[in-house]
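Using my numbering, you'd call the opening residue of the sequence shown number -2 and step up by one each time. Beta carbons are placed, not taken as given, at the ideal position from N, Cα and C, and that holds for glycine. Here the structure comes first, spelled out in C-alpha cells, and everything after it is commentary.
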Amino acid sequence: MSFILRGERCFPGNEVDFDQYGYFCHVKNPHLVSTEYGAQIDPMGLWIVLNRYYQKYRLPLLITENGLGAADILTENGKVHDSYRIDYLRRHIQSCRQALDDGVDLIGYSPWSFMDLLSSHEGFRKRYGFLYVDRGEHDTGSLKRIKKDSFHWYRRVIETNGAIV
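Right under this line is the structure:
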C-alpha cells in the first residue's frame, strides 16, 4: 500500500477507514484482496517490510498490532466461526516465520486484539478480537464474552510455539 501526501490527488473509494483528515490517503494495490472495510491483505508485504527494516536498522523488531477487522456473526448456538481471521493470522505468522528464516531478529508478534473493541470508524460492527463481546451499536447487550474459533486456534499456536501454523 502506498501513501499520497496532502496536495496530491486522492482517488475516490480509497478513503474507507483510511482517510486521515486530509493529510494523506492510501492508494490501493489492484493485485491485493481487500476486507469488507477496505483494508488490504498483504502477508508478503509484511515479509518484505520486516526484511527491509531489519537490513536497514539491524535492530530487533516487534509487531505490536496485526489483525483483521470483520463483521463477525454470533450464531444462534452462541458461536463465532471466524475462519477468515484464522486464515489472515496464519498467513501473516507464516510471513514472520519466513523473515526469521531470513535472519530477521523478530522478537514478537501481537495480534490485534484480544477481545472486540469499539472501532473509531465502524463502532461495534467491525470486530477484531479473539473474544466476541455481546455489545451492539445502541444497547449494551449482555456484555458476555464468547470465545471465537480464532481464540481456540491461536491458543494452540501459542502452546506449540507456532508449530501448528
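Those residues which DSSP pairs with V130 across a bridge: R142
Residue environment, S107, which counts as buried when at least 16 other CB atoms sit within 10 Å: exposed
contact_flag[the segment 94 to 104, the segment 76 to 86] where n(CB pairs < 8 Å) is 3 or more: no
Secondary structure of A96, DSSP reduced to three states: helix
For N63: DSSP bridge partner residues: P108
Minimum C-alpha distance to D69 - residue among S139, R132, R122 and V154: R122
Where S31 falls, given that 16 or more other Cβ within 10 Å makes a residue buried: exposed
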